[in-house]
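Written below as structure tokens is the structure these notes are about.
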Amino acid sequence: MTSFDQPWHPQLDWSAPAGRVLDQLVAALPPSRQWEIIVFGSSPLQLGVDARFLSGDVGVIPDEDITAHCERAKLLKGQAAIYVEPCASVAFTASPDWFVRAFRCERRHVTFTFPHPIDILVSKIKRLEEKDLRAFRLVREMTGHPNEAELIQALRRVVDIFRPSFDEESAGNPLHNTQVLWREFFGREIDVRATIITPALADRRRAYGGAGQGLKTKLSGVKPSK
2 MTSFDQPWHP
12 QLDWSAPAGR
22 VLDQLVAALP
32 PSRQWEIIVF
42 GSSPLQLGVD
52 ARFLSGDVGV
62 IPDEDITAHC
72 ERAKLLKGQA
82 AIYVEPCASV
92 AFTASPDWFV
102 RAFRCERRHV
112 TFTFPHPIDI
122 LVSKIKRLEE
132 KDLRAFRLVR
142 EMTGHPNEAE
152 LIQALRRVVD
162 IFRPSFDEES
172 AGNPLHNTQV
182 LWREFFGREI
192 DVRATIITPA
202 LADRRRAYGG
212 AGQGLKTKLS
222 GVKPSK
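Numbering (my numbering), first residue to last: 2 to 227.
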């Protein structure tokens with residue numbers, strides 16, 4: 002993998018535990034239609050980077066509820082040692098353009114989408130438990146990425162993770178977690194606000210400011226109706 006800015010083209014290891022579970026899922030889904038399923042969490046790293054990176058679940062985002070099919074095939078939590086975890090799309094925190102870097106492939110009547118490792122890693126920063134740190138270590142060991150510049154750019158794409166969470170959301174401190182990452186992997190401190198947040202918001206203003214100003218100018222010449 003030469004650059005984390007390029008689309009991902011892995012050689013997936015379908016013999017890995019998560020691969021075998023996904024093939025069981027394919028067998029459990031009716032072949033009368035084509036299914037679209039996003040695989041996120043640690044499973045893409047296990048299949049596409051290193052089969053030794055194990056996880057107890059395979060997180061998926063299907064285009065239609067698959068819970069009943071998984072239950073009949075005994076693939077859900079409590080039914081299998083490595084289980085399928087059907088999730089809603091909000092479970093995967095990623096930048097709006099994550100899909101352009103993702104890898105898609107077909108297994109019979111199911112099309113799987115595997116997010117790029119950089120998007121997988123960034124999605125873990127809000128939580129950043131020890132397992133998430135292991136994911137960073139694994140990817141950097143196997144690929145040499147992400148470097149500082151790549152991770153900064155990836156975090157700017159998801160700058161909204163640094164906003165305060167809703168009271169109903171689980172606890173997480175992405176600003177602190179980013180600082181932990183920098184100390185461990187790059188051996189130095191990082192000013193998250195100056196390096197990531199401020200430049201990202203400036204880019205956003207440049208992207209939307211022109212159109213907004215033009216609209217404001219046009220509206221200033223419109224007289225209110227009586």
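Think of the CB as a built atom: it goes at the ideal place given N, C-alpha and C, for glycine as much as any other residue.
It should be emphasised that the depicted structure is a prediction, and the values quoted were computed from it without experimental measurement.
Spatial distance of residue i from residue j (CA atoms)
{"i": "E142", "j": "R105", "result": "24 Å"}
{"i": "K78", "j": "W99", "result": "28 Å"}
{"i": "D192", "j": "H110", "result": "47 Å"}
{"i": "G57", "j": "W9", "result": "24 Å"}
{"i": "D6", "j": "Q25", "result": "32 Å"}
{"i": "P18", "j": "V27", "result": "14 Å"}
{"i": "A82", "j": "R189", "result": "40 Å"}
{"i": "H70", "j": "R158", "result": "36 Å"}
{"i": "D51", "j": "L23", "result": "17 Å"}
{"i": "I67", "j": "E130", "result": "28 Å"}
{"i": "R302", "j": "S16", "result": "There is no way to answer for residue 302, as the model of the chain reaches only from 2 to 227."}
{"i": "G145", "j": "R73", "result": "42 Å"}
{"i": "H117", "j": "S90", "result": "16 Å"}
{"i": "L134", "j": "W183", "result": "12 Å"}
{"i": "P11", "j": "K125", "result": "21 Å"}
{"i": "E107", "j": "L30", "result": "14 Å"}
{"i": "R21", "j": "Q80", "result": "15 Å"}
{"i": "R205", "j": "P45", "result": "30 Å"}
{"i": "A92", "j": "R164", "result": "17 Å"}
{"i": "P32", "j": "V85", "result": "19 Å"}
Extent of the continuous alpha helix (DSSP H) run through residue i
{"i": "K132", "result": "E131 to T144"}
{"i": "S24", "result": "Before going further, note that residue 24 is Asp rather than Ser in the sequence given. Its alpha helix (DSSP H) spans residues P18 to A29."}
{"i": "I126", "result": "No alpha helix (DSSP H) contains I126, which DSSP labels as neither H nor E."}
{"i": "L156", "result": "E149 to R158"}
For residue i: DSSP bridge partner residues
{"i": "F115", "result": "F104"}
Whole-number beta carbon distance between residue j and residue i, since they are thought to touch under 8 Å
{"i": "K127", "j": "T179", "result": "Between T179 and K127 the Cβ distance is about 10 Å, and since that is not below 8 Å, they are no contact."}
{"i": "L13", "j": "G49", "result": "6 Å"}
{"i": "Q47", "j": "F41", "result": "So it is not a contact: roughly 12 Å between Cβ atoms."}
{"i": "P147", "j": "A136", "result": "Contact doesn't hold; Cβ gap of about 12 Å is too wide."}
{"i": "I121", "j": "V160", "result": "No, I121 and V160 are not in contact; Cβ-Cβ is about 18 Å, not under 8 Å."}
{"i": "E37", "j": "T112", "result": "5 Å"}
{"i": "I119", "j": "C88", "result": "In fact, because the Cβ distance is near 20 Å, the residues do not count as touching under 8 Å."}
{"i": "E149", "j": "F187", "result": "6 Å"}
{"i": "T196", "j": "I153", "result": "6 Å"}
**Study point:** beta strand (DSSP E) runs contained entirely in the segment 34-113, provided each spans 3 or more residues
**Key:** 36-41, 58-63, 84-87 and 104-108
Point to revise | Start-end ranges of the alpha helix (DSSP H) lying completely within the segment 165-195, minimum 4 residues | key: 175-187
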